[in-house]
Amino acid sequence: MTEPLLSIRDVHKGFGGFKAVDGISFDVPRGSIAGLIGPNGAGKTTLFNIISGLYSTDSGEVILDGVRLTGKAPHQVFGSGLARTFQIPRPFPAMTVLENLMIVPRPQAGEKFWNNWIRPGAVKAQEEELRAKAEQVLAFCNLTQVAGSEAQNLSGGQHKLLELARILMADPKIILLDEPAAGVNPTLMRDLVDRILELNAQGYTFLIIEHNMDVVMSVCDPIFVMAQGRLLYQGNAAGVRSDASVLDAYLGETI
Ligand SMILES: Nc1ncnc2c1ncn2[C@@H]1O[C@H](COP(=O)(O)OP(=O)(O)OP(=O)(O)O)[C@@H](O)[C@H]1O
Ligand SMILES: [Mg+2]
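In numbering that gives the first Met the number 0, the protein residues as written are 0 to 254.
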């Protein structure tokens, strides 16, 4: 077995006396599309908040590709190669779609002011490279036709694609998506799923929280099931569907 890309080790998080995440451990294999499911309030988003550095852990640790993420700030976690979307996408509303892609943080020669003096040619070349990459990513995400529109004028589904596009600009090792299918029409959802599968074939690893069981069961393996802050089950789609505790805690209501 190869090293897991992302390792969650006995993570705990309480709010007051309430244990939102109560000793979660699991491994996301490199190259997988892993799913994280469970009832409302199970602690899934809280776990994402911990993984991405937004919340501190009470105990336990998160390891990405052999590097400890625990204790790092969100931008440091992002810099280590982990990118997530939020349930509510947050691009800069008054900037265009293309501009929103161009400003995603990544090492840029232009940001070091002396480069402008010493190597203006290199800065220009890098900007052109960045623009070319942004245009490629926009085409991949079917956003070329709205490249010049302000982000605030996009539809809900296009916002989701923009979030994915912005993540792709950063070349992360793993992409965390929190309910990508929520509020997205069926056509766009298939589009989003196709993009995810295509990116996965290119080597991207995903960890996806999703309530849409068609999406989860058709693309995710392994699937982790959380309930009341704990890991209830882990396995593939067939295993999840036939596990009595999962049916009881979650799927009984949805399938
Ligand atoms: N910052 C916070 N302060 C207090 N309680 C919180 C905080 N964040 C989350 N919680 C609580 O932790 C529990 C788990 O919430 P979380 O958002 O992680 O659930 P979830 O599994 O993502 O649910 P859903 O499927 O509805 O999005 C909830 O009871 C929630 O109220
Ligand atoms: Mg949530």
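Beta carbons: idealized from backbone N, C-alpha and C, even for Gly.
Asked: Just to confirm, does Lys43 get its C-beta within under 7 Å of one of the non-hydrogen atoms of ligand 1?; Found: yes
Asked: Measuring from the CB of Ile36, is there a heavy atom of ligand 2 at a distance below 7 Å?; Found: no
Asked: Which partner residues does Phe14 have in the DSSP bridge list?; Found: Phe17
Asked: Going straight from the alpha carbon of Cys219 to that of Ala131, what length do you get?; Found: 32 Å
Asked: Helix, strand or coil, according to DSSP, for Tyr249 in the structure here?; Found: helix
Asked: Looking only at its chain, what residues have a beta carbon closer than 8 Å to the beta carbon of Leu137, apart from the 5 residues adjacent to it on each side?; Found: Val96, Leu97, Leu100, Thr143, Ala146, Ala164
Asked: With Phe47 and Ile208 assumed to form a contact (beta carbons below 8 Å), what rounded beta-carbon distance in angstroms separates them?; Found: 7 Å
Asked: Does the beta-carbon of Glu127 have 16 or more other beta-carbons within 10 angstroms, so that it is buried, or is it exposed?; Found: exposed
Asked: Do Ala33 and Phe139 come within 8 Å of each other at the CB atom, strictly closer than that value?; Found: no
Asked: Report the option in Ala82, Pro73, Lys43, Asp21 whose CA atom is closest to the CA atom of Gly59.; Found: Asp21
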